[in-house]
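S.K.: Let me begin by handing over the structure; questions about it come next.
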Amino acid sequence: MCGLDMLQARAPFRTIYDYGESDTPEVVDTLQSALSKNDRLFAPIDINYSLAKYDSPFLDMATMRSRERMLEVISDVDIAGVVYSLGTLTVEQYEQIIHSRPIQDALSDRFQKIQIGSYEVWLPETTSPTR
Numbered sequence: 104m105c106g107l108d109m110l111q112a113r114a115p116f117r118t119i120y121d122y123g124e125s126d127t128p129e130v131v132d133t134l135q136s137a138l139s140k141n142d143r144l145f146a147p148i149d150i151n152y153s154l155a156k157y158d159s160p161f162l163d164m165a166t167m168r169s170r171e172r173m174l175e176v177i178s179d180v181d182i183a184g185v186v187y188s189l190g191t192l193t194v195e196q197y198e199q200i201i202h203s204r205p206i207q208d209a210l211s212d213r214f215q216k217i218q219i220g221s222y223e224v225w226l227p228e229t230t231s232p233t234r
């Protein structure tokens, strides 16, 4: 991570532009209360950085273009949650997630979905806050 990323990740104010996202701070707050410090999260890079989860996988283009790679990441036992939204993906990538039975099955087998603003947050049932 470069110096600017470190400064922005630790800034006491928002340093990203959310491109139409809503309730990003609420997503971060929910994840902070639901996950432990060492839990890994598959999420947009801005969410991971806001949570200081620098070693967590993020929604990179290579992963998002491959259903097999997505299933591999989602099924990884070390992943404690998954976060995505249309604002963080292309329409094609978003539709691949929501219309792919194998991806939806993999998510629902391990997690419970919570809708927070424009985000879909998947957390284990035992850690999901009531919404």
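Sequence positions in the sequence shown follow my numbering and run 104 to 234.
From the three backbone atoms N, C-alpha and C, an ideal C-beta is built for every residue, glycine too.
(1) State the Cα-Cα distance for the pair M173 and A183, rounded to the nearest angstrom.
(2) Apply the 10 Å Cβ neighbour rule to Y152 and answer buried if 16 or more other Cβ atoms are within range, or exposed otherwise.
(3) Less than 8 Å between the beta carbons of L154 and V176, yes or no?
(4) Report the three-state DSSP secondary structure of S153 (helix, strand or coil).
(5) With a CB to CB cut of under 7 Å and the five nearest residues on each side skipped, what residues in its chain are close to D245?
(6) Can you tell me whether P147 is buried or exposed, with buried defined as 16 or more other CB within 10 angstroms of its CB?
(7) Spell out the partners DSSP gives Y197 in its beta bridges.
(8) Sort out for me which residues DSSP pairs V224 with in a bridge.
(9) Please confirm whether A137 and L210 have their CB atoms less than 8 Å apart.
(10) From E124, I150, E195, pick the residue whose C-alpha is nearest to that of T133; which is it?
M.R.: Reading off the structure:
(1) 15 Å
(2) buried
(3) no
(4) helix
(5) For the chain, the structure presents residues 104 to 234; residue 245 sits outside this window and is missing.
(6) buried
(7) Y197 pairs with nothing; no bridge assigned.
(8) V186, I217
(9) no
(10) I150
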